[in-house]
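Working notes, structure below.
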Amino acid sequence: LAQCGYTLHNYPEKMLMPGERCATATKSKGIHDLTLHEQDILVYALQNNLLTIQHVSTNNARRRILASRDPIIFGEAPAPDSRHTHGRRKFVNGRIDWKGLP
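Residue numbers for the sequence shown follow this note's numbering, beginning at 897 and rising by one.
Following this line, the structure appears as structure tokens:
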């Protein structure tokens, strides 16, 4: 995504981020790490245009993403019953924080 100048927005909250390791696996296996329920959530989000891909239009913004200063994936806002006050964000270097959408 980053090398092509894109970011992903509204990634579902209660599922592994791309590249995130499953607690029972030694390395990420992509979509196979997701439970069937999580796969259903992802399919629903894709079919209903809930996930948004946004083009990063400036070279400076693209450099900031590639340097992991700005996130590449923005999670959706947490549900009202979530223990988190903000959504997740994932950076190119693999770091994930909870400083996204309130």
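We treat Cβ as the ideally placed atom computed from N, Cα and C, and that holds for glycine.
Buried or exposed for residue i, please, with buried defined as at least 16 other CB atoms from any protein chain shown within 10 angstroms of its CB.
{"i": "T981", "result": "exposed"}
{"i": "P998", "result": "exposed"}
{"i": "T903", "result": "buried"}
{"i": "G915", "result": "exposed"}
{"i": "R979", "result": "exposed"}
Take residue i and list the residues in its own chain whose beta-carbon comes closer than 7 Å to its own, dropping the five residues that flank it on each side.
{"i": "C918", "result": "L912, D929"}
{"i": "F987", "result": "S964, P967, I968"}
{"i": "G901", "result": "H951, V952, R958"}
Might you give, ordered along the chain, the residues of its own chain that have their beta carbon closer than 6 Å to the beta carbon of residue i, omitting 5 neighbours on each side?
{"i": "P976", "result": "none"}
{"i": "A898", "result": "I961, L962, I968, V988"}
Please indicate yes or no: does the CB of residue i lie closer than 7 Å to some heavy atom of the ligand FMN?
{"i": "Q943", "result": "This structure lacks the ligand FMN; in fact it carries no ligand of any kind."}
Closest to residue i by C-alpha separation, out of the options, would be which residue?
{"i": "D936", "options": "H951, P908, P974", "result": "P908"}
*Are the segment 956-963 and the segment 937-948 in contact at 8 Å, needing three or more beta carbon pairs?*
no
*Going along the chain, which unbroken runs of the beta strand (DSSP E) with 3 or more residues stay wholly within the segment 923-990?*
948-951, 969-971
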